[in-house]
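Throughout, our numbering is defined as the position within the sequence shown, counted from one, plus 103.
Positions of the beta carbon are idealized from the N, C-alpha and C atoms, including for glycine.
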Amino acid sequence: MESKSTEEKIFDAAYREFVEKGYEGARMQSIADRAGINKALLHYYYRAKDKLFDAVVPRIISQLPIGINNILEKDYPIEQKIEEIVHLYIGFLKKNPLIVRFVLRELLNGPDRLARIFLEVLGQKDTNVIARLTEIIEKEVQAGNIIPIKPEQLIINIISLCVFPFIGRFLVENIILKNTGTDFDEFMKDREKELVAFILNAIKR
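Right, dumping it as structure tokens:
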């Protein structure tokens, strides 16, 4: 197996450091240690923490909109697109469970920095999913295929319903699922199906 390049090692190390500790808590020395390099070499690639943050975070954030864009390009009914978006979104959060905590922490500690990166990523031609999804929803409403609903309301409904179990995982595991014999992963398998059915029932005519 081909070994990772120094830059890939730095990226992986910085990803873990930023996601676990946030921008304020992350340290360049810790990133260098994680990457197995000295701090001088890290500074050769990235002179400052903010430069490294700006390089790493967009690559993390862009994974989801790029995947959603691929779904939106398919010639599917909106119902199937919603089902695949929910599957992709929940799958992404399962694979990256610390992402939600990272985003919440950054919104509390440095919202301007994270908002700027989100706007840059979501504004790119190949990741401008909000605009494309808005257009699709508007067309479906006009065609009478779904109930009259503002696109932003449907989009927020989908996002919030997907994200909440991960935000409130402690609550879900220790209160809602307590004594049920169901673990979080099993719950989320059922949750994904229920969520798709709930959204589709809510918008059908």
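Query	Result
On the three-pair Cβ rule with 8 Å, is the stretch 289-304 touching the stretch 174-194?	yes
In whole angstroms, give me the CA-to-CA distance for F121 and G247.	45 Å
Considering just the uninterrupted stretch of the alpha helix (DSSP H) at V299, what are its terminal residues?	287-306
How about R208 and G125: do their beta carbons lie closer than 8 Å?	yes
Check whether the stretch 259-274 and the stretch 199-216 are in contact - that is, three or more C-beta pairs closer than 8 Å.	yes
Looking only at its chain, what residues have a beta carbon closer than 6 Å to the beta carbon of E182, apart from the 5 residues adjacent to it on each side?	L303
For A234, count neighbouring Cβ atoms within 10 angstroms of its own Cβ and tell me buried if that reaches 16, exposed if not.	exposed
Whole angstroms is fine: what's the gap from V232's alpha carbon to I169's?	8 Å
Determine, using beta carbons only, whether I249 and L175 come nearer to each other than 8 Å.	no
Could you tell me if L257 is buried or exposed, where buried requires 16 or more neighbouring beta carbons within 10 angstroms of its beta carbon?	buried
Just reading off the alpha helix (DSSP H) that A129 is part of, what are its end residues?	Unbroken run through A129: none, as it is neither H nor E.
Quick one: measure Cβ to Cβ for R150 and A116, integer angstroms, because I've assumed they're closer than 8 Å.	The Cβ separation is near 16 Å, so there is no contact.
Excluding the 5 residues flanking G139 on each side, which residues of the same chain have their C-beta closer than 7 Å to its C-beta?	K112
Return the chain-ordered list of same chain residues with a C-beta closer than 8 Å to the C-beta of F221, the five sequence neighbours on each side being excluded.	I164
Do I193 and C265 count as a contact pair if the criterion is CB distance below 8 Å?	yes
What residue range does the alpha helix (DSSP H) around E241 cover?	232-245
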